[in-house]
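Just so you know, the sequence shown maps onto residues -23 to -1, 1 to 178 in mature numbering (1 follows the signal peptide of the UniProt record, and there is no 0). C-beta atoms are modelled at their ideal positions from N, C-alpha and C, and glycine is treated no differently. In this text, all values refer to a predicted model and were calculated from it rather than measured experimentally. As structure tokens, the structure follows; a few thoughts come after it.
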Amino acid sequence: MVPRHRLTWRLRLLRFLSLYIYPLETPLQLRGTLTRLRHNYKHPFLELLRLLLPIPTWYFPLPDPIPFRTMLGNVELLDSRLGSVNYPSMRSIPLWRARDTPLRSIYRIYEAITARECVVIGSEVEYFFYQTRKAWAINRILDPCDSDPVRYAILASIVEELACAFNWRMGLGMRRDRRKHIYRATMDEVLPPFPPETAPA
């Protein structure tokens, strides 16, 4: 009879953690959040505390808007603004998403369009599409009351085009809640109706 190997205390601890502790995850996904913050900040716990504290308000304020002529074709300026926050990584943090607002996302799309960066436009529109909270419905987007008439017109056009783009996506069976996508067995299969997105009145 082959003797069984005795598990060391370290292996027992690792097995216990992998079976009972690691699968536990809160909606805030704090472990994953800290992992991402470690890659971007020198003091990740301090940054996590800043995300948890609603100072000055729970929702992030709008960044200082850039004039249209300054932003036009200025990829370096766009990269510096996106890099200062590292948006691709922060979008994966539930706490950051909870404090983000649709109007901030619209301004990020405006900056990407003005700088003519199609990749950034695509990723930001995709991010917006999969925000399922009621505040992110197209018809609930607040009026930015922007003082620059050119920027204000571009922002209004973005909102109208987002409504059209989202309706086109949902017409293909995609849903803003990614768990509810509808898959067709054949192209002839009729998709169920959906409540369309509409631009604010």
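Problem set entry | Pair within 9 Å by beta-carbon distance, T10 and L25 | yes
For this session: Check whether the Cβ atoms of E174 and A114 lie closer than 9 Å to each other.
Result: yes
Exercise. Are A112 and L55 closer than 9 Å when you measure CB to CB?
Worked result: no
Problem set entry | Proximity winner among I83, M48, R15, L(-5), relative to N63 (alpha-carbon distances) | R15
Exercise. Whose C-alpha, out of E137, D154, R85, R161, is nearest the C-alpha of F45?
Worked result: R85
Exercise. Taking DSSP as the reference, what is the three-state secondary structure of I43?
Worked result: coil
Exercise. How should D35 be labelled, buried or exposed, when 16 other C-beta atoms within 10 angstroms of its C-beta is the threshold for buried?
Worked result: The sequence given here places Trp at residue 35; Asp does not occur at that position. So W35 counts as exposed.
For this session: Taking 8 Å as the threshold, find out whether the stretch 99 to 110 comes into contact with the stretch 143 to 155 through three or more Cβ pairs.
Result: yes
For this session: Could you check if A75 is buried or exposed, using at least 16 other CB atoms within 10 Å of its CB as the buried criterion?
Result: exposed
Exercise. Among residues of its own chain, excluding the 5 on either side of R161, which ones have a beta-carbon nearer than 8 Å to its beta-carbon?
Worked result: G150, L168
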